[in-house]
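Some notes on the structure that comes next.
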Amino acid sequence: MAGAVSALKAANSVMDRVSESLAGGGTQKFHVEKDTVLQAGKVVHDQWMLLNAAYVKITPKLRIVASDGQVTSDVVNAWNDRLLFHDDSYANRILAYMKVLESLSDQLKASAEQYGFSEEAIMTTFKPKA
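Each residue of the sequence shown is one higher than the one before, counting from 21 in the working numbering.
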């Protein structure tokens, strides 16, 4: 029993340190011009799509099923909360990041439209979400 609790505390400590280092970065600003907007848009849009596909595929597999015993069940429930269910779970943090990428992709698409790129060039860069 003590071993499982110690392992959970150690894992939580590591995850807290990683989260703190990621959270400290704040928002980044960058400037695009007509000759770079489609390149930047493609990178951001492709990363958003890649992360979304991985998230949909992997997230359901992260849930741990409790086995026999109250201690094991408590540890598993706490771990699942940390990974998936709490507002600040890792799954929800990834969702928030994906929303940022989506918003940035939308902003870059709007910039490309304002710069007068053709609909074909815009659709090639900002493919519809499958």
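A virtual CB, placed ideally from N, CA and C, is assigned to each residue, including glycine.
Sequence-distant residues of the same chain with beta carbon closer than 6 Å to residue i, five excluded per side
i    : result
S41  : Its pLDDT being 45, under 50, S41 is placed unreliably in this model, and the value from its coordinates should be taken loosely. For S41, where only same-chain residues beyond five positions count, there are no Cβ hits under 6 Å.
H106 : none
K62  : T145
V52  : A60
Check whether residue i and residue j have beta carbons under 8 Å apart
i    : j    : result
A111 : L104 : yes
A132 : T145 : yes
V64  : L128 : yes
T92  : A86  : yes
V96  : I84  : yes
Own chain partners of residue i with C-beta closer than 7 Å, once the 5 adjacent residues on each side are dropped
i    : result
W68  : M118, L121, E122, S125
G45  : Caution is warranted here: a pLDDT of 48 is assigned to G45, below 50, making its placement in the model unreliable, and the coordinate value is therefore given only provisionally. Cβ neighbours of G45 beyond the five flanking positions: none.
A141 : L58
F137 : L58
E139 : none
G23  : For G23, the predicted model reports a pLDDT of 46, less than 50, meaning its position is unreliable and no value from the coordinates is stated.
Same chain only: Cβ atoms within 8 Å of residue i, ignoring 5 sequence neighbours per side
i    : result
Y135 : K54, V57
L19  : There is no way to answer for residue 19, as the model of the chain reaches only from 21 to 150.
Boundaries of the alpha helix (DSSP H) in which residue i is found, first to last residue
i    : result
Y117 : 110–134
I142 : 139–145
P80  : 57–82
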